[in-house]
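Q: Here the protein sequences line up with chains S and H, keeping their order.
Heads up, the first sequence is in the numbering used here, so the first residue is -1 and it goes up one at a time.
Heads up, the second sequence is in the numbering used here, so the first residue is 807 and it goes up one at a time.
Note that CB positions come from ideal geometry on N, CA and C, so glycine has one too.
None of the values given here were measured: they were computed from a predicted structure.
Could you have a look at this structure, given as structure tokens, before my questions?
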Amino acid sequence: MTTIEQLISSCKKGKRDGQSKLYQMFAPKLFGVSLRYSRDQTEAEDTLHEAFVNIFSKIDQYSGKGSFEGWMRRIVVNIALEKYRKRFRVQTVEDVSIYDTRTVNDDVYDHLNAEQLMQLIKELPPRYKMVFNLYAIDGYTHKEIAEIMGIDEGTSKSNLSRARKILQNRIFEIGYLEHEYSR
Amino acid sequence: MSIRDNHTDNAFRDKLQHFEIAPPPEVWDRVAGSLNGRKNRGRALLMWWSGAAAMLLLAFVGGWYLSENKQADTLLMTERDKDSSPYIQFNSSHKVNHTISVELAHPDINGFNEAVLAENRRLRLQSAQKVERETIYISKMQSHNELLKTDNEFVLALVENDNALSETDKAIVEANLLALADKNEGQKEGRWHVGVKGSPIYNFDAPSGFKDAVYTSQPNVVQNNVTTSYKPSFAGGMLFAYKASQRLKITSGVQYNEVAQGASGMAVSFAGQDWLFNSIETSYERTDAPKGSPDYDYQNVNNIVLNTQTGIANVALPGGVELSSVSKAENYADNGIENYDLKQLAAYVEVPLLMQYRLIDKRWGLYLNGGVNTNFLVNNSVQIKNNNEIVATGITEGLRNLAFSSSMGMGFDYMLSKHLMLNVEPTLKIYMNSLNDQSVFTAKPYTFGVFSGITYQF
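This is the structure:
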């Protein structure tokens, strides 16, 4: 059994075999990350491609401290954000104050699978999607988000709050529909 | 953050943080492709750099070898000079087989230094070895690249006569020799110029005219009111030039050049009638002068003389014309005998010696011209013409056979091709000495012409 350290070492030497194994091991996880941040499947694939090229060429820079997976995930996120920045230099933010927050039963989440949640995230306005992904799922702080996205912390917070509202409303709708459907 | 919000975040995090989905297989292909490209790019860069480094090294070593060898040669020559014994002879012409002949010095030369001999022997051997090494080196260089684009004939000679060279190498050497010859040719190109040029010319000085004194010395010169003036004429010829430097050119050649004068509206009458020319008075016979004396010539009563800018025009009248007295009272115009023309010509072969300095040396060129011209008189004639019929001929008296002029001007030229050049040169010439040696005349016309020509460079 090859350990992750051995794989890393092999990749540092530029061995194709090691690279291939590392890819096979982490590509699905990183593709999951990439999909959450990307506009569509094609962009997610591009991001994954670039991320792995970066990973293999910068693997020498991985010090061995901290999670290797975390290091790779950050590379994916950074590339995705780079693409997002290029796409949305000027961004209009959807005013979601019109939405009333509707009460969502906690058990609704239990009925939703990962694919459905991915779909909900995908439907978010781009910046809300980025902020929600970064904060809620990948554990970035508002300060970090503000830095990497070039926005105020306040903006980050309000974006997050609005993202949540949208998601909650969507989930309510789904729950309501499912409730109606199951009746 | 509300509990509900927290719940939302947790729900998404739990289900999505480790969400996995297999990417399409082609993504790996793309990754692998990119990694290959990166690798190849790196390798290509490495190869390029190492190639460049190798070339530099080769060039450096080559230069070092050649200079090293040259130094040895110089040293040997110096030693040879010291005791005036030919130790080594290099035949540097690549036309002739390259030989290194070694001759032993005569041991009985006065003051012969054993140390010098020993040193020479050492250098001699060293030199021979070096030549051998160099030949091998050059043949290797030849088979690798075109580094041997040298003007060092010594090296070329070596290579040319090296039987060790392969046929391919010999062919390359041959090609290089041709290229070198072309290059040398190219350097020489444009050194010599030959061309033709010509221009209508205008002489325009204020006529110095005659002085009263002329009448006293020339008793048969009669006063007249005819005024001749300079007429446009032609100058032109062949020139050759040597380009001394990029900007400086020395020009010489042979040009035809003339000073023409004329008058129209003269009245002449013949055959027993008065022949006139405005208020001309006939000369008189000098029967008292001894034969052979200058004055005797003037006894020819059939000559008329008139003053012009360049001298006294002396015209012999045709046989049968009898000069008689002139009556100013007669109105000859009424008799229809006017409109005879006087044509007076002094023609020269001019040999210029000019310096040309180029201000702009591009396809369009601008230059300054200046220098002196030596003029040899080749034709001196005066004609009285009625339309195209020459009625009487003569000469201008006292014209110098040799006259000098200075010329200055500027020129523009245009390169039509590598060899052909068109040029236009507005030029002003001033005669430095009078065209006439008679002291009463100071004939120094100014001549202006805009010469145009074509020049061939080789």
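Could you confirm whether any beta carbon from chain S is found closer than 7 Å to the beta carbon of residue 831 (chain H)?
A: Chain S, which has no Cβ nearer than 7 Å to the Cβ of residue 831 (chain H), makes this no.
Q: Kindly list the residues whose CB is nearer than 6 Å to the CB of residue 30 (chain S), restricted to its own chain and excluding five residues on each side of it in sequence; keep chain order.
A: Within the same chain, residue 30 (chain S) has no close Cβ partners at all.
Q: Could you spell out where the alpha helix (DSSP H) holding residue 45 (chain S) opens and where it closes?
A: Run containing residue 45 (chain S): 39 to 55, per the alpha helix (DSSP H) assignment.
Q: Please state whether the Cβ-Cβ distance between residue 1003 (chain H) and residue 1259 (chain H) is less than 7 Å.
A: Against a cut-off of 7 Å, the Cβ pair of residue 1259 (chain H) and residue 1003 (chain H) comes out as a contact.
Q: With a 10 Å radius around its C-beta and 16 neighbouring C-beta atoms as the bar for buried, classify residue 1219 (chain H) as buried or exposed.
A: Classification for residue 1219 (chain H): buried.
Q: Select from the stretch 34 to 52 of chain S all residues with a C-beta closer than 7 Å to any C-beta belonging to chain H, and list them in chain order.
A: Those would be 34, 43, 46, 47, 50, 51, in chain order.
Q: Nearest chain S C-beta to residue 840 (chain H) closer than 7 Å, yes or no?
A: It does; some Cβ of chain S falls within 7 Å.
Q: Whose Cβ in chain H lies nearer than 8 Å to the Cβ of residue 30 (chain S)?
A: Within chain H, the residues near residue 30 (chain S) are 822, 824, 825, 826, 827.
Q: Would you mind sorting residue 8 (chain S) into buried or exposed? The rule is 16 or more other CB atoms within 10 Å of its CB.
A: It is buried - the Cβ of residue 8 (chain S) has at least 16 other Cβ atoms within 10 Å.
Q: Which two residues bound the contiguous beta strand (DSSP E) that contains residue 108 (chain S)?
A: Counting along the chain, residue 108 (chain S) falls outside any beta strand (DSSP E), though it belongs to the alpha helix (DSSP H) covering 105 to 109.
Q: Since residue 814 (chain H) meets chain S, which of its residues come closer than 7 Å, beta carbon to beta carbon?
A: Ordered by position in chain S, the residues that pass the 7 Å Cβ test against residue 814 (chain H) are 162, 165, 166.
Q: Could you tell me the boundaries of the beta strand (DSSP E) in which residue 1219 (chain H) lies?
A: From DSSP, the beta strand (DSSP E) with residue 1219 (chain H) extends over 1208 to 1221.
Q: How far does the alpha helix (DSSP H) with residue 1257 (chain H) in it extend, from its first residue to its last?
A: Taken as a continuous stretch (DSSP letters only), residue 1257 (chain H) belongs to no alpha helix (DSSP H), being part of the beta strand (DSSP E) at 1252 to 1263.
Q: Do you know offhand how far residue 5 (chain S)'s Cα is from residue 47 (chain S)'s?
A: If I take the Cα positions, the gap works out to 19 Å.
Q: In this structure, does DSSP put residue 1114 (chain H) in helix, strand or coil?
A: Reduced to three states, the DSSP call for residue 1114 (chain H) is strand.
Q: Under a three-way DSSP split, which group does residue 1196 (chain H) fall into?
A: Strand.
Q: In its own chain, which residues sit with a C-beta less than 6 Å from the C-beta of residue 1203 (chain H), not counting the 5 before and 5 after it?
A: Cβ within range, chain order: 1117, 1118, 1120.
Q: Going by DSSP, what residues sit across from residue 778 (chain H) in a beta bridge?
A: Only positions 807 to 1264 of chain H appear in this structure, which leaves residue 778 (chain H) out of reach.
Q: Roughly how many whole angstroms lie between the Cα atoms of residue 26 (chain S) and residue 829 (chain H)?
A: Spanning the two alpha carbons is a distance of roughly 6 Å.
Q: Please report the distance separating the alpha-carbon of residue 1207 (chain H) from that of residue 1158 (chain H).
A: Near 16 Å, if we compare the C-alpha coordinates of residue 1158 (chain H) and residue 1207 (chain H).
Q: Return no unless some Cβ of chain S is closer than 7 Å to the Cβ of residue 930 (chain H).
A: So, not an interface residue.
Q: Within 7 Å (strictly less), CB to CB, does residue 817 (chain H) reach chain S?
A: With 7 Å as the cut-off, residue 817 (chain H) counts as an interface residue toward chain S.
Q: With 16 as the cutoff for other CB atoms within 10 Å, does residue 1188 (chain H) come out buried or exposed?
A: Residue 1188 (chain H) is buried by the Cβ-count criterion.
Q: Does residue 1249 (chain H) come out as helix, strand or coil in the three-state DSSP assignment?
A: Coil, per DSSP.
Q: Strictly under 7 Å for the Cβ-Cβ distance: is residue 974 (chain H) near chain S by that measure?
A: For residue 974 (chain H), the answer is no, since every Cβ of chain S falls outside 7 Å of its Cβ.
Q: Would you mind working out which of H:1243, H:1253, H:1193 sits nearest residue 1215 (chain H), comparing C-alpha positions?
A: The option with the nearest alpha carbon to residue 1215 (chain H) is H:1253.
Q: Excluding five sequence neighbours on each side, which residues of the same chain lie with their C-beta closer than 8 Å to the C-beta of residue 1210 (chain H)?
A: Answer for residue 1210 (chain H): 1178, 1179, 1180, 1181, 1237, 1238, 1239, listed in chain order.
Q: For the putative contact between residue 1068 (chain H) and residue 1044 (chain H), defined by C-beta atoms under 8 Å, what is the C-beta separation to the nearest angstrom?
A: About 28 Å; that fails the 8 Å criterion.
Q: Is it buried or exposed for residue 82 (chain S), if we count other Cβ within 10 angstroms and need 16 for buried?
A: Residue 82 (chain S) is buried by the Cβ-count criterion.
Q: Quick check on residue 149 (chain S) - is its C-beta less than 7 Å from some C-beta in chain H?
A: Closer than 7 Å: no.
Q: Just the Cα atoms here: how many angstroms apart are residue 823 (chain H) and residue 136 (chain S)?
A: The alpha-carbon atoms of residue 823 (chain H) and residue 136 (chain S) are separated by roughly 7 Å.
Q: Please list the residues of the stretch 124 to 142 of chain S that have a C-beta atom closer than 7 Å to any C-beta atom in chain H, keeping them in chain order.
A: The residues in question are 134, 135.
Q: For chain H, find out if any of its Cβ atoms is closer than 7 Å to the Cβ of residue 115 (chain S); answer yes or no.
A: By this cut-off, residue 115 (chain S) is an interface position.
Q: Is residue 1058 (chain H) near the ligand ADP, going by C-beta to nearest heavy atom under 6 Å?
A: In terms of ligand content, the structure shown is empty, and the ligand ADP therefore cannot be addressed.
Q: Where does residue 859 (chain H) sit, in a helix, a strand or coil, going by DSSP?
A: Residue 859 (chain H) falls in the helix class under three-state DSSP.
Q: With three or more beta-carbon pairs closer than 8 Å as the criterion, would you say the stretch 117 to 131 of chain S touches the stretch 147 to 159 of chain S?
A: Result yes; three or more Cβ-Cβ pairs closer than 8 Å.
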